[in-house]
Amino acid sequence: MRVGVVTFPGSLDDADARQAVKLTGGEPVALWHASDSLQGVDAVILPGGFSYGDYLRCGAIARFSPVMAQVIKAAGEGLPVLGICNGFQVLCEARLLPGALIRNDRRTFYCQDQNLRVESSDTVWTNAFTAGDEINIVIKHGEGNYQADAETVRMLEAEHRVVFRYLGNPNGSVNDIAGITNERGNVVGLMPHPEHNIDPVTAPNQDGRPFFESLARFLMAKVGA
Amino acid sequence: MAQIVVDVMPKPEILDPQGKAVTGALKRLGYTGLSVRQGTRFEIEVEGEITPERLEQAQVAADSLLANTTIENYVVRVGE
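Those protein sequence lines, which keep their order, are chains A and B.
Just so you know, we're using the working numbering here: the first sequence kicks off at 103 and counts up by one.
Just so you know, we're using the working numbering here: the second sequence kicks off at 47 and counts up by one.
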């Protein structure tokens with residue numbers, strides 16, 4: 103399981119994401135924003151941070167980097183892609199996921215352990231969970247307020263594409279949405295940071311591990327088929 | 047040099063936390079009855095004349111990069 107982790111200028115959690123891949127049995131592959139090669143990886147993680155200094159809008163400039171052209175193409179062909187925090191913002195800017203992330207409604211940067219409910223196990227990144235599971239994953243963001251027009255929100259709910267919901271909404275996101283997926287279930291974006299909830303030395307729990315176990319299960323099933 | 051201006055504003059139905067913060071600060075300074083929404087203005091210097099093609103270019107740039115039309119509206123115009 104070779105998992106590419108993209109580093110943009112201003113990415114902060116790329117090393118943690120690579121470490122999480124390693125600790126869960128995968129082989130991390132560092133991908134550079136200015137390269138147009140995905141090096142044949144089995145999946146891609148867009149990590150947290152402040153790509154390009156959050157200039158213009160969060161994720162707006164990263165979305166046009168050379169590596170993203172390849173990510174967008176491969177995602178369309180079914181490559182598993184996980185966008186964490188700034189990565190979620192990049193996925194929305196790239197229109198791989200609908201909606202947008204704006205400033206937290208209370209204008210506060212939140213850094214805390216956050217309770218979430220898993221709403222869908224029907225994605226590449228959440229099939230090791232059971233819908234209804236309550237988990238605790240760290241959040242740390244100032245612009246995680248998920249917004250979309252009413253029709254898009256209705257569509258996301260009707261198609262069960264809301265993957266995670268906040269228990270106690272920290273940022274004003276519509277319908278308490280913390281993470282969503284695309285129609286095919288291979289692209290998932292969320293504001294919380296599963297890569298930080300892996301290692302017992304630094305994390306209060308290991309609730310981030312099932313993300314990576316889900317990917318492994320998906321890739322195994324694909325090889326089996 | 048000729049200039050094209052692109053004004054980008056959060057859509058009316060989208061919460062504008064920055065505008066709210068500025069509104070609050072104005073109130074504390076004693077200004078009453080003022081409500082602010084904050085946007086972004088791009089001044090684009092253009093080599094040569096501003097042609098319909100140049101304006102069309104700016105329109106496409108605004109639509110793809112300068113504004114996120116999920117949450118923002120924009121206006122493209124010729125600058126002073």
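Think of the CB as a built atom: it goes at the ideal place given N, C-alpha and C, for glycine as much as any other residue.
Because the structure is a prediction, the values reported are computed rather than measured.
Taking buried to mean at least 16 other C-beta atoms within 10 Å of its own C-beta, is residue i buried or exposed?
i	result
residue 110 of chain B	exposed
residue 47 of chain B	exposed
residue 132 of chain A	exposed
residue 171 of chain A	exposed
residue 165 of chain A	buried
residue 146 of chain A	buried
residue 263 of chain A	buried
residue 74 of chain B	exposed
residue 115 of chain A	buried
residue 157 of chain A	exposed
Against residue i, what residues of chain B qualify as contacts under a CB-to-CB distance less than 9 Å, listed in chain order?
i	result
residue 206 of chain A	63
My guess is that residue i and residue j are in contact by the Cβ rule of under 8 Å, so how many angstroms apart are they, rounded?
i	j	result
residue 207 of chain A	residue 63 of chain B	6 Å
residue 244 of chain A	residue 211 of chain A	4 Å
residue 398 of chain A	residue 305 of chain A	As shown, chain A starts at 103 and ends at 327. That puts residue 398 of chain A outside it, with no answer to give.
residue 249 of chain A	residue 60 of chain B	6 Å
So which residues of chain A does residue i contact, with C-beta pairs closer than 7 Å?
i	result
residue 117 of chain B	202, 204 and 249
Would DSSP call residue i helix, strand or coil?
i	result
residue 55 of chain B	strand
residue 118 of chain B	strand
residue 110 of chain A	coil
residue 282 of chain A	strand
residue 266 of chain A	strand
residue 185 of chain A	strand
residue 325 of chain A	helix
residue 112 of chain B	helix
residue 50 of chain B	strand
residue 178 of chain A	helix
residue 155 of chain A	helix
residue 61 of chain B	coil
residue 303 of chain A	coil
residue 172 of chain A	helix
residue 249 of chain A	strand
Could you list which residues in chain A have their beta carbon closer than 9 Å to that of residue i, in chain order?
i	result
residue 111 of chain B	158, 162, 163, 165 and 166
Determine the chain B residues that contact residue i at a beta-carbon separation under 8 Å, and present them in chain order.
i	result
residue 274 of chain A	61
residue 195 of chain A	114
Against residue i, what residues of chain A qualify as contacts under a CB-to-CB distance less than 8 Å, listed in chain order?
i	result
residue 67 of chain B	209
Counting only Cβ pairs nearer than 7 Å, list the residues of chain B close to residue i.
i	result
residue 297 of chain A	Those do not exist, as residue 297 of chain A stays about 26 Å from chain B at its closest Cβ, beyond 7 Å.
### Message
At 4 residues or longer, what runs of the alpha helix (DSSP H) sit wholly inside the segment 63 to 98 of chain B?
### Response
63 to 74
### Task
Output the residue ranges of the beta strand (DSSP E) runs that lie fully inside the segment 193 to 246 of chain A and measure 3 residues or longer, sorted by chain position.
202 to 204, 212 to 220 and 236 to 243
### Query
Unbroken alpha helix (DSSP H) runs of length 4 or more, entirely within the segment 116 to 145 of chain A: which are they?
116 to 125
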